[in-house]
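There are 2 protein chains.
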Amino acid sequence: MGRTYAHPEPDDIHLPRVLFALSDPMRLGMVRLLAGREAVNSLDLGPGIPKSTVAHHTRILREAGVTRTRPDGRACWISLRRDVLDARFPGLLDAILAVEAEA
Amino acid sequence: MGRTYAHPEPDDIHLPRVLFALSDPMRLGMVRLLAGREAVNSLDLGPGIPKSTVAHHTRILREAGVTRTRPDGRACWISLRRDVLDARFPGLLDAILAVEAEA
Numbered sequence: 001m002g003r004t005y006a007h008p009e010p011d012d013i014h015l016p017r018v019l020f021a022l023s024d025p026m027r028l029g030m031v032r033l034l035a036g037r038e039a040v041n042s043l044d045l046g047p048g049i050p051k052s053t054v055a056h057h058t059r060i061l062r063e064a065g066v067t068r069t070r071p072d073g074r075a076c077w078i079s080l081r082r083d084v085l086d087a088r089f090p091g092l093l094d095a096i097l098a099v100e101a102e103a
Numbered sequence: 104m105g106r107t108y109a110h111p112e113p114d115d116i117h118l119p120r121v122l123f124a125l126s127d128p129m130r131l132g133m134v135r136l137l138a139g140r141e142a143v144n145s146l147d148l149g150p151g152i153p154k155s156t157v158a159h160h161t162r163i164l165r166e167a168g169v170t171r172t173r174p175d176g177r178a179c180w181i182s183l184r185r186d187v188l189d190a191r192f193p194g195l196l197d198a199i200l201a202v203e204a205e206a
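Here the protein sequences line up with chains A and B, keeping their order.
Counting in this note's numbering, the first sequence runs from 1 upward without gaps.
Counting in this note's numbering, the second sequence runs from 104 upward without gaps.
Below, the structure is given as structure tokens:
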């Protein structure tokens with residue numbers, strides 16, 4: 001039996017939790033990377049970062065409703081729930097992605 | 104000698120910290136209340152909430168660069184640093200304030 005990952009329904013995605021998920025520089029970086037892609041292998045989301053750390057951050061993003069995690073054999077594909085976020089919080093993701101990443 | 108409060112310069116206001124400051128329902132409520140006003144007496148920011156709790160939250164907002172605290176005798180006037188935030192993160196505050204407050 002494959003792994004399954006829980007994702008909140010759109011109505012259960014709440015602004016404070018989304019903002020918290022985005023308030024970490026590493027998670028912000030992941031969201032920036034995801035913004036231009038269909039889906040990213042979780043191994044490519046945090047190159048050089050321990051897998052457990054990447055898993056911790058992708059879990060917080062997924063549970064907040066920011067990303068979707070799709071297991072595929074031993075891999076996980078992560079994608080941004082852009083449509084859902086844009087419908088629920090118009091302009092929020094655009095405003096955040098427009099800010100240049102800082103070193 | 105009066106109390107003084109430190110406020111970050113615009114260049115020292117960083118997105119992750121601003122998002123963290125806004126990721127708490129009480130602080131989000133304070134920001135919504137401040138959005139329509141010039142300044143609000145800190146006592147009116149959290150009616151029925153212990154002063155120490157209000158002070159904790161206004162400190163986090165101030166240190167993140169979201170609000171300005173101006174002491175006035177025994178009172179404190181809190182205001183939103185709207186111009187600074189809008190210049191640094193265009194559209195962010197608008198997007199957040201457009202989201203209806205949830206119960």
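All C-beta atoms in this analysis are idealised placements derived from N, C-alpha and C, irrespective of residue type, glycine included.
All figures in this text were calculated on a predicted structure; none of them were measured in a lab.
Given V18 of chain A, which residues of its chain have a CB within under 8 Å of its CB, disregarding the five upstream and five downstream residues?
A64, G65, V66, L85, F89 and L92
Taking 8 Å as the threshold (beta carbon to beta carbon), is P8 of chain A in contact with chain B?
no
Hey, does L200 of chain B have any beta-carbon neighbour from chain A nearer than 8 Å?
no
Quick one: residues in its chain with C-beta nearer than 7 Å to the C-beta of R135 of chain B, no 5 flanking neighbours on either side, listed in chain order?
Cβ neighbours of R135 of chain B within its own chain (closer than 7 Å, five residues either side excluded): L200 and A204.
Per DSSP, what are the beta-bridge partners of R171 of chain B in this structure?
Per DSSP, B:S182.
Classify V202 of chain B as helix, strand or coil using the three-state DSSP reduction.
coil
Excluding five sequence neighbours on each side, which residues of the same chain lie with their C-beta closer than 8 Å to the C-beta of A178 of chain B?
N144, S145 and L146
Which runs of the alpha helix (DSSP H) at least 4 residues long sit entirely within the stretch 3-72 of chain A? Give them in chain order.
15-21, 25-35 and 51-64
Taking the C-alpha atoms as reference points, what is the distance between P51 of chain A and M133 of chain B?
The amino acid occupying residue 51 of chain A in the given sequence is Lys; Pro does not appear at that position. Approximately 38 Å between the Cα atoms of the pair.
Same chain only: Cβ atoms within 8 Å of I49 of chain A, ignoring 5 sequence neighbours per side
Here the set comprises M26.
Given this structure, state the Cα-to-Cα distance separating P111 of chain B from L28 of chain A, to the nearest angstrom.
21 Å
Output yes or no for whether 8 Å exceeds the beta carbon distance between R171 of chain B and R184 of chain B.
In this structure, R184 of chain B lies closer than 8 Å to R171 of chain B by Cβ.
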